[in-house]
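**Student:** This is the structure I want to talk about, given as structure tokens.
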Amino acid sequence: MANEQDALPVSPQIGDLAPDFQARTTMGVMRLSDFRGQWLLLFSHPADFTPVCTSEFVAFARAADRFTALGCRLMAISVDSLYAHLAWVRAIRDGFGVSIGFPIVEDPSLVIGRAFGMISASSVDAAAMRATYFIDPAGVIRATISYPATVGRSIEEMLRVLAALQKVDAEQVVTPEGWRPGTEVLLPPETDGGALLAQDADPLWFHRTRPDKG
Ligand code: BEZ
Numbered sequence: 010m011a012n013e014q015d016a017l018p019v020s021p022q023i024g025d026l027a028p029d030f031q032a033r034t035t036m037g038v039m040r041l042s043d044f045r046g047q048w049l050l051l052f053s054h055p056a057d058f059t060p061v062c063t064s065e066f067v068a069f070a071r072a073a074d075r076f077t078a079l080g081c082r083l084m085a086i087s088v089d090s091l092y093a094h095l096a097w098v099r100a101i102r103d104g105f106g107v108s109i110g111f112p113i114v115e116d117p118s119l120v121i122g123r124a125f126g127m128i129s130a131s132s133v134d135a136a137a138m139r140a141t142y143f144i145d146p147a148g149v150i151r152a153t154i155s156y157p158a159t160v161g162r163s164i165e166e167m168l169r170v171l172a173a174l175q176k177v178d179a180e181q182v183v184t185p186e187g188w189r190p191g192t193e194v195l196l197p198p199e200t201d202g203g204a205l206l207a208q209d210a211d212p213l214w215f216h217r218t219r220p221d222k223g
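Per the working numbering, the sequence shown starts with residue 10, numbered consecutively.
Here it is in structure tokens:
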């Protein structure tokens, strides 16, 4: 028998392939899968011409070179129309002297927002939350971070998480609380029970660090 749970949309989770889409953007029609082979930060915002979103866009645009240095492209998305996006990009350029050099996807039908779970089933309007998806070169969602409409993201935190994901992939380590490039990393959890029971086992076997090789 069907119950209420069955009707809930299933949002992609960490480890899932990001749902592909094709859509109009401020830089032409694009597919998500066009970005395969590169990291991609896909981030939604509730609405164009709003204060928090504007502050984030200015900060993302100013940090664009830092994302590029990490091999990561940026792509924004909201339910607003392409024409609203273009007007907002122009207003940001005129008001802040900042060029938005990344594409902004229009999603007026909410198809993309719903496929990613950016818009909750119980939402009273179509405004997507501030969701961020870290998508790896294979198209897999590796991290997600969501904020409410009223709280802006930290672009430094986005860069930090991206660098941490790349670090763990490259060196088979894990990263501690607040890790930043150049600081100590951790070895993955020990699984060899015999080694752990040995007389000379490291008492801190569950927290083994090593310097970051850079
Ligand atoms: C903002 O970006 O400022 C915002 C958007 C939606 C609701 C509240 C604030």
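Cβ coordinates follow ideal geometry from the N, Cα and C atoms, glycine included.
Taking the alpha-carbon positions, what's the residue 26 to residue 141 distance?
**Tutor:** C-alpha separation (whole angstroms): 15 Å.
**Student:** Count the other C-beta atoms from every protein chain shown that fall within 10 angstroms of the C-beta of residue 94, then say buried if there are 16 or more, exposed otherwise.
**Tutor:** Its Cβ being crowded by 16 or more others within 10 Å, residue 94 is buried.
**Student:** Less than 7 Å between the CB of residue 218 and some heavy atom of ligand 1, yes or no?
**Tutor:** Residue 218: no, Cβ never under 7 Å from ligand 1.
**Student:** Can you give me the start and stop residues for the alpha helix (DSSP H) that residue 77 sits inside?
**Tutor:** 73-78 is the extent of the alpha helix (DSSP H) around residue 77.
**Student:** Would you kindly work out how many angstroms separate the C-alpha atoms of residue 72 and residue 169, rounded to a whole number?
**Tutor:** Distance between the alpha carbons of residue 72 and residue 169: 12 Å.
**Student:** To the nearest angstrom, how far is it from the Cα of residue 92 to the Cα of residue 137?
**Tutor:** Distance between the alpha carbons of residue 92 and residue 137 is about 18 Å.
**Student:** Do residue 117 and residue 88 have their CB atoms nearer than 8 Å?
**Tutor:** Cβ atoms of residue 117 and residue 88: closer than 8 Å.
**Student:** Within a Cβ cutoff of 7 Å, which residues of the same chain sit near residue 57, ignoring the five residues on either side of it in sequence?
**Tutor:** The answer, listed in chain order, is 87, 89, 93, 94 and 97.
**Student:** Using the C-alpha atoms, what's the distance from residue 114 back to residue 174?
**Tutor:** Between residue 174 and residue 114, the C-alpha separation is close to 25 Å.
**Student:** At what residues does the beta strand (DSSP E) containing residue 86 begin and finish?
**Tutor:** First-last of the beta strand (DSSP E) with residue 86: 81-87.
**Student:** Quick one: using the 10 Å Cβ neighbour count with 16 as the cut-off for buried, is residue 36 buried or exposed?
**Tutor:** The residue in question, residue 36, is exposed, as its Cβ has fewer than 16 Cβ neighbours within 10 Å.
**Student:** Could you name each continuous beta strand (DSSP E) segment of 3 residues or more that falls completely within the region 107-140, going from the start of the chain to the end?
**Tutor:** As far as the region 107-140 is concerned, its whole beta strand (DSSP E) runs of at least 3 residues are 113-115.
**Student:** Taking the beta carbon of residue 216 as the centre, do at least 16 other beta carbons fall within 10 Å, making it buried, or is it exposed?
**Tutor:** It counts as exposed.
**Student:** Between the Cα of residue 219 and those of 183, 212, 164 and 66, spot the shortest distance and give me the residue it belongs to.
**Tutor:** Minimum Cα distance to residue 219 is reached at 183.
**Student:** Please identify the residue among 19, 156 and 120 whose C-alpha is closest to the C-alpha of residue 54.
**Tutor:** Nearest of 19, 156 and 120 to residue 54, Cα basis: 156.
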